[in-house]
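What follows is a single structure, written as C-alpha cells, with notes after it.
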Amino acid sequence: MTPKATALAALFTAGTLLLSACTSDSDASQGGSGGTLTFAVGSDAGCVDPQQVGSNDTIYSVRQLVDSLTDQDPQTGKIVPWLAEKWDVSPDSTTFTFHLRKGVTFSDGTPLTAQVVKDNFEAVPNLGALAVLAQGYLAGVKDITAVDAQTVKIAFAQPNAQFLQATATHSLGILSDASVKKTPEQRCSDGVVGSGPFVLAKYVPNQSITLTKRTGYDWGSSLWKKDGEAYLDTVVFKIVPESGVRTGSLQSGQVDAIGAVGKADEAALKAAGVQLITRANPGVVFQLGLNNSRPVLKDLKVRQAILAAVDRQQIVDTVYPSGTQPATSILSHTTPGYTKQPALAYDPAKAKSLLDAAGWRAGSDGIRVKNGARLTLHVTWFANAATNQPALELVQQQLKAVGIDVTLKQAQIAQIVQIQKGGNFDALWGNVTRADPDILRTQFSTKLLNAYRIPEGPLQTVLAQQAAAADPAKRRPLVDQAQKLIVDNAYVVPVVELETELGVASKVQDLNFEASSRIQLHDTRLR
Amino acid sequence: MRRYLLKRFAQAIGVLWAAYTLSFVILDLLPGDPVSAMAGAGSDQAPIDPEQIARLQHQYGFDQPVPLQYLDYLGHALRGDFGTSVSTGRPVTDLLAEALPSTLALTGSGLLLGTLVGGSLAMVATWTRLRWLRQFLLSLPPLAVSMPIFWIGLMLVEVFSFQLELLPAFGNDGLRGLVLPAVALSIPVGAIVAQILAKSLLTALDQPYVETARAKGAGRVRIHLRHALRNASLPALTIVGVLAGQAMANSVVIETVFSRNGLGRVTAAAVTVQDLPLVQGVVVFGSLVFVTANLLVDLIYPLLDPRIVVAS
C-alpha cells in the first residue's frame, strides 16, 4: 500500500470507530422484582381503545387495560365470573342480568356501577368503522337498564345466546365513565381508562404502547393463578413492522417476546433458545367460501368433490407454522362446541367419481368439461396473511389433479364488503376468530349477509335454535348438527385452522393465551 | 431576478396542485372504499353489517359524487384544512406535524451524509493520480446504486444491531436510532452524487480555463477546488433536488425496516386502508418538501452562475 492509500484507510477506520464510539452505551439491563417485558408486534391500528380495535397486534396491549364482565376458560370454553360475580339468562336467551362485583374502581378512582356498564354498551353503536366487533355483539339490543347500583339488565329483541361469551371479549371490556363520554376519536388517540391490571402510560403512534401495573388491583378473573396485582411493573409493546427485524431483535435479546412468528423463522428462534407458544384461533377456520348461487356450485356433488379433493395435511405441512392443524370441522378445535366431522377427509378417488357422476368429463388437457363448459373456479383472496397465497397455490394444484381449473384473484381488503355483498366470486378465502359457535349463524344465516348464498334449508332452523338455547347442554347438540349440515352439504370447504404463534424468550414465564387466542399478562413474570 | 423567482414559484405551485389531483384520481380508481378497508383491516374478516358500512360511508361523505368530493377536499386544503383521517379520527395536520420532524431529520441527514460522502469520493477519485484507487472509487457508486434500499437496511441492522449490538434495530429514540437509517438512506444518494460529480469534474478538468489557470501557476488543489468544482457542482446540485424527492420515497421503506415513525410509515398505512384525507395530506406535504428543495436549488444557481438568471 502506498502511504496515501494507508492514510486514507486509516482515516476511514478512525471515522468508523468514532461513529460507533459515540453510540455504544448499549442496552441497560432490567432490574427490580417486577421488571419490564418488551413485546414486539408488527402493526399499530392507530387506536388504543379496546372497544374499537380488531387487530390482534393491538388487542395484545389494550386487552390488559380493561376487565370484562365475564371471562372464558380457554380449555373448556366455559364462561366464568370476572367483573360480574354472577348472572341470569332468561330461558329464551333474550335477557341477560349481570350482578357486579363490589369495590371495583377504574384507574381514575371512579367506581364500577351498573350505570357505567349501561353507558358503555349504549355508546357502542356510535363508534366508527373500527368497532365492527363490538357493534356486532350488541346488534339487536332493545333496552339496557341499571336495575340498581350493582345490577345491569340487557334485553335483546331476538334470542341471542352468543351475548354471554361476547361479554368475555376485549371488545366489550368496560371503560370508565369519563372515557365513555369522550368521542371515538379521542378514545383512539388519547387512550382510555379501564379497571384492568395495567394502565396505559404512553401511546406513541407507530412506535410503542407502554403499560404500567395498576397498584391495588384486586378483582382479577377467576381463571388467573395470581391474586391481586400483576407481576410485571411495565410492559412495552414496540411496533416493529419488518418480521426479520422482530425475529433478530428477539434472538439478540433486544425484545422479550414477538407476535406473528412465521414458519421460516421458527428454526432460527428455536436455535436461539426461544419458546414458541402456539394456539389455534377459535372460530371459523380458513375455508373456501363457495358461492352456492353459481350454476356449477349449486350441484352438491361438485361441492363435495372439491371438499374431498383438498389435501389439508399437505397444505399444513408445506405452508403453515408447526403445530397448525388441518380443519376437522368448519369450527377450529379450540372453539366451544366443536365436533370433528368425518366427512372432511382427503379422497381424490371419491372426488373424481363425484365429478363423473355429476356429468363432468375430463377434457384433452385434463380439465373437466360439461356441455362445452370447462370446470373453472375463481378463488378471491386478500393479502391479510402471508400464508394465503402459498396455501391457495397448493389448493390450485390439488384441485387440478382431479380436473378442476382454479384461477386465483387477489383483491384489496377495501373491497371485501362489495365482494361479499355483490357475490361476484366463485370462492372466497378467509376465516373469522370468535370463541363462540354462534359465529356459524353470523356467517351462514340467510337472514344476515349470507355472503355464500346458502339456500334455505334445515341448517337455518338449527342456527336459530342454538342462538336461543341458554342452556349449554341443550345448545351443544344443535351446534353439532349445524357443523354437520355445513360440512355434509359442502356449502363451504374448510381447509386449515389459523394458528397464533408467539416467540417468547426463555426468561419469560406464564405468558398465556386466553380463550380467543390473544394474551393475558396478569400472571406473566420474568425469571 | 424577480421574474426568475416568480416563474419558479408558479412552477412550484403547479407541481403541488398536480400531485394533489393525481393522488386523488389514483385513489379514486382503486377498488373499494376506506370504510370497508378499515372494517376488514383486522387480522381476519370480521362479520360486517352492510347497513352499518353504508351509514358510515354517508357520515364520511364517500357516497357523494367524485367531482364534488374532489372540490370539497381541495377547497378545504386551500385553507390549510386537510380534514380528519378516516382511520384514526384525528386531524390530518396533527398526524403530519407529528410525523414530519422525524422524516425531515432522516431525509435531511441522509441527504447531507450522502452528499458529503459522495462528493468526497468524487473529489478524491478525480484528484488522485493512483489509477487503481481511482478505478476502485469509481466502481463503488454503480455497485451501491444496484443494491435495493430495503436490503441495505436489513444488512445494516443485522451487522450493527444484531451481531455487533452497537445500535438499536428499531425506534425513533434520539441520535443513536438515527445513525443506521440515515446511513442506509445516504447510500443511494451518495452513489448518484458521486457519479454525476466525478463525471462533470473530469469534463471540467479538460476545459481550456483549467489549462489557463495551470499556465498561470495555480496549484492542483486550487484548480480542483476553486475552478473545476465550482463549474462541475451545477449538475450535481440539480440532482440533489431530485434526490430529495427520492429520499422521501425511500423513507417509506427505511422507516418500515427501522420501525421509525414518520411520513413514510403514515403514507404506507394510509394507502393500505385508503385513508383519503390522510393520503392527500401526505402527498401535499411530500410535494412541498420536494418543491422546496428544488426551489432552493434554483435559488442557489444564480449564485454559482449569474448567467442563469439572464438566460431565463
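Keeping their order, the protein sequence lines are chains A and B.
One point on numbering: in the numbering used here, the residue at position 243 of the first sequence is 1086, and numbering is uninterrupted.
One point on numbering: in the numbering used here, the residue at position 159 of the second sequence is 160, and numbering is uninterrupted.
For glycine and all other residues, C-beta sits at the position ideal for the given N, C-alpha and C.
Leu908(A) and Leu926(A) do not touch by the CB rule: their CB atoms are close to 14 Å apart, not below 8 Å. Using a CB distance cut-off of 9 Å, Ile153(B) does not count as an interface residue toward chain A. Taking every protein chain shown into account, the CB of Gly81(B) has fewer than 16 other CB atoms within 10 angstroms, so this residue is exposed.
The straight-line gap separating the alpha-carbon atoms of Val118(B) and Gly191(B) is approximately 6 Å.
The shortest C-alpha to C-alpha distance from Gly1346(A) to any of Ala1111(A), Arg1155(A), Pro1280(A) is the one to Ala1111(A). Ranked by how close their Cα comes to the Cα of Gly287(B), the residues Pro66(B), Leu105(B), Gly172(B), Phe25(B) have Leu105(B) in first place.
Assignment of alpha helix (DSSP H) within the segment 909 to 991 of chain A, counting only whole runs of 4 or more residues, yields 957 to 966, 975 to 980 in chain order. Excluding sequence positions up to five before and after Asp34(B), its CB lies within less than 7 Å of the CB of Gln58, Phe63, Gln275, all in the same chain and listed in chain order. For Ser1051(A), the enclosing beta strand (DSSP E) covers residues 1051 to 1056.
Annotated as distal: His1365(A) and Lys921(A), with beta-carbon spacing of 9 Å or more. At the C-beta level, Gln1309(A) and Arg1318(A) come within 9 Å of one another. Thr1230(A) carries a coil assignment under DSSP once its states are collapsed to helix, strand and coil. For Trp1203(A), no beta strand (DSSP E) segment is defined, and its DSSP state is neither H nor E.
At a C-beta separation below 7 Å, Phe286(B) has no neighbours in chain A, since its nearest C-beta there lies roughly 16 Å away. Judged by their CB atoms, Leu880(A) and Leu1075(A) are nearer to each other than the 9 Å cut-off. If only uninterrupted alpha helix (DSSP H) runs of at least 4 residues are considered, those enclosed by the segment 205 to 277 of chain B are 209 to 216, 230 to 258, 264 to 273. Cβ atoms of Val1162(A) and Pro1233(A) come within 8 Å of each other, at about 5 Å. Here Ser260(B) is not near Leu235(B), since their CB atoms are 9 Å or more apart. Under a criterion of Cβ atoms nearer than 8 Å, the residues of chain A adjacent to Thr257(B) are, in order, Pro1084, Glu1085.
Judged by their CB atoms, Leu1174(A) and Pro1315(A) are not nearer to each other than the 9 Å cut-off. The beta-carbon of Gly1180(A) is placed no less than 9 Å from the nearest beta-carbon of chain B.
Between the alpha carbons of Val211(B) and Gly115(B) lies a gap of roughly 28 Å. Close to chain B, meaning a Cβ-Cβ distance shorter than 9 Å, is no residue of the segment 1166 to 1197 of chain A at all. Between Ser88(B) and Pro954(A), the alpha-carbon positions lie close to 32 Å from each other. Within the segment 1339 to 1357 of chain A, the residues whose Cβ lies closer than 8 Å to any Cβ of chain B are, in chain order, Leu1341. In terms of beta-carbon proximity, Thr1010(A) stays away from the interface with chain B, with every pair separated by 9 Å or more.
By the neighbour-count criterion, in which a residue is buried when 16 or more other Cβ atoms sit within 10 angstroms of its Cβ, Gly979(A) is buried.
Counting only residues of its own chain and dropping the five nearest sequence neighbours on each side, Pro278(B) has a CB closer than 8 Å to the CB of Tyr74, Phe83, Gly84, Thr85, Ser86, Val87, Val93.
In the DSSP annotation of this structure, the continuous segment of the beta strand (DSSP E) that includes Tyr1046(A) starts and ends at 1041 to 1047.
Setting aside the 5 residues that flank it on each side, Ile1017(A) is surrounded in the same chain by Val909, Asp910, Ser911, Leu912, Leu926, Leu955, Val959, Val960, Asn963, Gly1037, Ser1038, each with a C-beta closer than 8 Å to its C-beta; the list follows chain order. For chain B, the residues of the segment 1046 to 1062 of chain A that bring a beta carbon within less than 9 Å of one of its beta carbons are Val1047, Pro1048, Asn1049, Gln1050, Ser1051, in chain order. Its chain contains Ala1333, Val1336 as the residues whose beta carbon lies nearer than 6 Å to that of Leu1150(A), once the 5 sequence neighbours on both sides are disregarded; these appear in chain order. Counting along the chain, Asp1248(A) sits inside the beta strand (DSSP E) bounded by residues 1248 to 1254. CA-CA distance, Phe941(A) to Gly983(A), rounds to 18 Å. With a beta-carbon spacing of about 12 Å, Thr1343(A) and Leu1354(A) fall beyond the 8 Å limit used to define contacts. Neighbours of Gln1094(A) in chain B, taken as residues whose beta carbon is under 8 Å from its own, are Phe163 in chain order.
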